[in-house]
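Quick notes on the structure that follows.
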Amino acid sequence: MGGRTPSMLELKTLIMEGNKAITEKIDGVATKVALMQQDMDKLRDKVQDMGTRMDGRGLDEWDVVEMQLQEEQDEDMETGKPYRGETKDLNEEGQ
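If you read the sequence shown in full-length UniProt numbering, its first letter stands for residue 1, the second for the next number, and so on.
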C-alpha cells in the first residue's frame, strides 16, 4: 500500500474545502427551510382567515364587498357574461 503521506498543509486545505462545502450545503438547506416556513405561515394565515369567514366572526365591510364581488363573478361565469367592470377590447368596439 505505498503512497506518500499528505503534508499538514494539504490536510488543512482538504479540511477547509470540506468545511466550506458542508457550510454551503447547510446554508442552502437553511434557506429552503426558511422559504418553506414562510409558505407554511401564509397557508396557516389563509386557513385561519377561511375559518374566520366561515364562522362569521371578523367579517368587516371589505370582506363583505369582496364576497359580493366573488358571487357576482361566479354568476357571470355561469351565465357566460363578461365580468362586471371588465373592459371591452378596442377592436370589438370598432366592428
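Each residue gets a CB set at the ideal place from its N, CA and C atoms; glycine is no exception.
Backbone CA spacing between residue 22 and residue 5 [nearest angstrom]: Numbered from its first residue, the sequence shown carries residue 22 at position 22. Numbered from its first residue, the sequence shown carries residue 5 at position 5. Approximately 25 Å, taken between the alpha carbons.
DSSP state of residue 51 mapped onto helix, strand, coil: Stepping through the sequence shown from its first residue, residue 51 is reached at position 51. In the structure shown, residue 51 sits in a helix (DSSP, three-state: H, G or I).
Pick helix, strand or coil for residue 4, following the three-state DSSP scheme. To locate residue 4, count along the sequence shown from 1; it is residue 4. Note: residue 4 maps to coil in three-state DSSP.
Near residue 12, which residues of its chain fall below 6 Å by C-beta distance, leaving aside the five closest residues on each side in sequence? On the sequence shown, residue 12 is found 12 positions in, with the first residue counted as 1. Excluding positions up to five away in sequence, the list is empty.
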